[in-house]
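Residue numbers (our numbering): 25 to 114.
We treat Cβ as the ideally placed atom computed from N, Cα and C, and that holds for glycine.
Values in this document were obtained by computation on a predicted structure and should not be read as measured data.
Encoded structure:
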C-alpha cells in the first residue's frame, strides 16, 4: 500500500545536486513525488511509495550526494496526495 511523506532537509543541500541525486534514488526505489529548493535554503521532498521504499529514501536523505552536508531531516506522514507517476525536480 502506498504511503506519502513530506520531508525537509537542511544543511548544505542547495547547489550540490541534492535534488538530482534524490530524484535518481527515488526512481530507483519506485517512489513518486518531487524535490524542490525552498527560499530558506532547505530542500523539500514529497514522496509516495511503499513503506520499505520510503524508509530507504529517508535514510538516504540523511546522506545525500558527496558534496552535500545534511544537518537535519524533518519529516511527517501526510494523507495520500494525488502524485503523478514519476519523481520530478521542481
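For residue 92, no alpha helix (DSSP H) run applies, since DSSP gives it neither H nor E.
Annotated three-state conformation of residue 85 is helix, per DSSP. DSSP places residue 70 within a strand segment (E or B) once states are collapsed to three. Proximity of the region 33-46 to the region 89-97 meets the contact definition, three or more beta-carbon pairs being nearer than 8 angstroms.
In the DSSP assignment, residue 47 falls outside any beta strand (DSSP E) and within the unbroken alpha helix (DSSP H) covering 42-53.
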